[in-house]
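For the record, in the sequence shown the residue sitting at position 54 is 54 according to the UniProt record's numbering, with numbers rising by one throughout.
Yeah, the Cβ is synthetic: ideal placement off N, Cα and C, and Gly gets one too.
Below is one structure, written out as structure tokens; the observations come after it.
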Amino acid sequence: MTLEADLIRCADAYCAAKGIARATLSTLLMNDGRSLERVAIGGSLTVRIWQRSMSWLSANWPDGEPWPDGVARPDPQTVVDGPRHRPRGRPPRHADAAREVA
């Protein structure tokens, strides 16, 4: 299986357990209600987005629901997080860097 297929299997199992639409979960995971559907029909995603999504699903998996067979589950205690959006052309701002300049 591909990373994309694993993500869709987990996402669909999560949606079924919680009674929510795939678009709702897509918004929670990727801030875009259509992203999971695009992946489901053959689109791709970055490894960072896959890691962050799988990490979130693992940490928020419904109690008593089995994790999909054949899909490696990330450690629920290790949440992968990163910036969702960064303005293009501008480096991230760091308070330490500003203090060094001053």
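Neighbourhood of residue i by C-beta, 6 Å cutoff - its chain only, sequence neighbours within 5 removed
| i | result |
| --- | --- |
| Ala-13 | Pro-68 |
Best match in the options for proximity to residue i [C-alpha to C-alpha]
| i | options | result |
| --- | --- | --- |
| Gln-77 | Leu-3, Gly-70, Ser-53, Ser-58 | Ser-58 |
| Gly-64 | Thr-27, Ile-8, Lys-18, Thr-46 | Lys-18 |
| Pro-66 | Cys-15, Met-1, Leu-28 | Cys-15 |
| residue 106 | Pro-74, Trp-50, Met-1, Arg-73 | Look at the range of the chain in this structure, 1 to 102, and you will see that residue 106 is not part of it. |
Nearest-angstrom Cβ-Cβ length linking residue i and residue j, presumed shorter than 8 Å
| i | j | result |
| --- | --- | --- |
| Arg-22 | Glu-37 | 6 Å |
| Leu-7 | Met-54 | 6 Å |
| Met-1 | Gly-70 | 7 Å |
Cβ neighbours of residue i in the same chain (closer than 7 Å, five flanking residues each side left out)
| i | result |
| --- | --- |
| Val-39 | Glu-4, Leu-7, Ile-8, Leu-45 |
| Arg-99 | Model confidence at Arg-99 stands at a pLDDT of 49, short of 50, so the residue's coordinates are unreliable and nothing is read from them. |
Same chain only: Cβ atoms within 8 Å of residue i, ignoring 5 sequence neighbours per side
| i | result |
| --- | --- |
| Leu-28 | Trp-56 |
| Cys-10 | Met-54, Leu-57, Trp-67, Pro-68, Val-71 |
Residue range of the alpha helix (DSSP H) that includes residue i
| i | result |
| --- | --- |
| Trp-77 | The sequence shown places Gln at residue 77, not Trp. Here Gln-77 belongs to no alpha helix (DSSP H), and DSSP marks it neither H nor E. |
| Ala-21 | Note, Ala-21: premise wrong, no alpha helix (DSSP H); not H, not E. |
| Ile-49 | 47 to 59 |
Interface flag, residue i vs chain B, CB-CB below 8 Å
| i | result |
| --- | --- |
| Trp-67 | No chain B appears in this structure, which consists of one protein chain only. |
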